[in-house]
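Here is the structure we will look at.
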Amino acid sequence: MTENEIGTLILAAAIQVHRELGPGLLESVYEVVLAKELALRGLTVERQVPVPIVYKGLRFEEGFRADLIVAGKVLLELKSVERVTPAHKKQVQIYLRLTDLKLGYLLNFGEVVLKNGITRCVNRLEEEIPLRDGDAER
């Protein structure tokens with residue numbers, strides 16, 4: 000499954016969780032419930048994954064933790080705030096760079112409508128370009 004296909008499943012699961020629980024709960028609640036919902040949909044999920052830093056050949060595991068990594072390919076950073084800030088978005092970009100993952104989502108469960116709280120972040124992800132009719136023959 001590609002990152003984008005996994006992302007589609009993640010967003011459907013996140014919307015389902017938000018629809019059932021509503022906005023404004025603690026981030027940790029959404030984390031555990033979303034992890035379970037993704038597992039029910041057949042995806043592997045790791046929670047609170049250390050994001051190591053390598054400095055002069057030394058590996059440091061302190062400091063950073065990704066909320067969820069799904070199928071070993073897509074990083075999720077969850078928030079439950081009134082509004083996300085540029086610092087929240089930068090956090091996802093940094094995690095993607097440090098983990099060498101290509102796709103991540105910042106999901107803000109504090110929004111009344113989750114669709115308004117979804118930020119997609121990429122790190123050298125090759126986007127799939129849909130073929131137009133006739134392109135396959137060329």
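Quick note on numbering that gives the first Met the number 0: the sequence shown kicks off at 0 and runs consecutively.
For each residue, glycine too, the CB sits at the ideal point set by N, CA and C.
Fair warning: this is a prediction, and the values are worked out from it, not measured in the lab.
| query | result |
| --- | --- |
| Let me know if LYS78 comes out buried or exposed under the rule of 16 or more other beta-carbons within 10 Å of its beta-carbon. | buried |
| If you drop the 5 nearest sequence neighbours on each side, which residues of the same chain put their C-beta closer than 8 Å to that of ARG137? | Per-residue confidence for ARG137 stands at a pLDDT of 39, beneath the threshold of 50, marking its modelled position as unreliable; the derived number appears in the next sentence. Excluding residues within five positions, none has a Cβ falling inside 8 Å. |
| Hey, ASN122 and LEU105: beta-carbon distance below 7 Å or not? | no |
| Can you give me the start and stop residues for the beta strand (DSSP E) that LEU97 sits inside? | From DSSP, LEU97 is part of no beta strand (DSSP E) but of the alpha helix (DSSP H) over 85-98. |
| Just to confirm, are LEU113 and ILE14 a CB contact at a threshold of 7 Å? | yes |
| Pull up the distance between the alpha-carbon of GLU60 and that of THR98, whole angstroms please. | 12 Å |
| Checking 7 Å against the spacing of the C-beta atoms, do GLU2 and LYS89 come in under that value? | no |
| Excluding sequence positions up to five away, which residues of its chain have a Cβ less than 7 Å from the Cβ of VAL50? | PHE63, ARG64, ALA65, TYR94, LEU97, THR98 |
| Is GLY109 closer than 7 Å to VAL91 when the C-beta atoms are compared? | no |
| Assuming ALA38 contacts VAL44 under a Cβ cut-off of 8 Å, what Cβ separation, rounded to an integer in Å, is found between them? | 6 Å |
| In three-state terms, what does DSSP make of THR7? | helix |
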